[in-house]
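Worksheet: one structure, shown below.
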Amino acid sequence: MNSLTSFFERLSISKKLAFWYGLSLFIMLSAFGYFLYESFHQSIHHNYDRHLRFEAEQLLPHINTSGDTLAIDLSGYSRNAALKSGVEYGTYVRLYNQKDHLIYKSPNFAGTNQPLDTEIPEKPEEYSFSSQWQELPARTLF
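Residue numbers are given in the working numbering: position 58 of the sequence shown equals residue 1133, and the series is strictly consecutive.
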């Protein structure tokens, strides 16, 4: 450490200023890059969440909760073909009851080779998270 300080003391004032300028510029650009990355990352998650909420709002009228039963009828759903193909939007739908029993699974799950793990939240509140599924990033909305 002593040799580093003696080396720094031997530099001219212009080299010291250039060093400090470069160091401060590096720190500021690193901080700017980090905050830019974080805001972009949050924006992408927000867009995915907005899309998932829209899909959920479109599906809610087709869920029947008469009595103690829970069922889903997607015959009148305008994007049922997209759910079956899973290609256009990549939306996979599963409907669970409060006892964590699977009630409905969209047909596009049939061609999957890796199960999508589910941890249903204890409280009935909306939340989303990112995970990796079938070698690709996935966003899940509960």
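The beta-carbon is built from N, C-alpha and C at its ideal position, and this holds for glycine as well.
Treat the numbers as computed from the prediction; the structure is a model and nothing was measured.
Run of the beta strand (DSSP E) containing residue i, from where it starts to where it stops
i       : result
Lys1180 : Leu1177 to Lys1180
Tyr1171 : Arg1169 to Tyr1171
Rounded C-alpha distance that separates residue i from residue j
i       : j       : result
Lys1091 : Glu1084 : 9 Å
Phe1101 : Glu1200 : 43 Å
Ser1141 : Asn1122 : 33 Å
Pro1196 : Thr1215 : 12 Å
Ser1089 : Gly1108 : 28 Å
Glu1163 : Phe1110 : Unreliable positioning characterises Glu1163 in this predicted model, as indicated by a pLDDT of 46, which lies under 50. The coordinate reading is nonetheless provided below. When rounded, the distance between both Cα atoms is 32 Å.
Gln1133 : His1126 : 11 Å
Lys1174 : Met1103 : 51 Å
Phe1094 : Glu1194 : 52 Å
Ser1118 : Ala1213 : 16 Å
His1137 : Lys1198 : 23 Å
Gly1161 : Arg1169 : Annotation note: pLDDT 48 at Gly1161 (below 50); position unreliable, coordinate value reported separately. Looking at the two C-alpha atoms, the distance is approximately 13 Å.
Leu1086 : Tyr1112 : 36 Å
Asp1192 : His1176 : 13 Å
Ser1099 : Ser1105 : 10 Å
Leu1135 : Ser1114 : 31 Å
The alpha helix (DSSP H) enclosing residue i, as first and last residue numbers
i       : result
Leu1134 : Ile1088 to Leu1134
Within 9 Å, strictly: CB atoms of residue i and residue j
i       : j       : result
His1116 : Ser1203 : no
Tyr1220 : Ser1181 : What the structure shows of the chain is the stretch from 1076 to 1217, and residue 1220 is not part of that stretch, so it cannot be assessed.
Option in the options with minimal Cα separation from residue i
i       : options                      : result
Ser1205 : Asp1124, Thr1080 and Ala1093 : Asp1124
Asn1139 : Tyr1112, Ile1178 and Ser1118 : Ile1178
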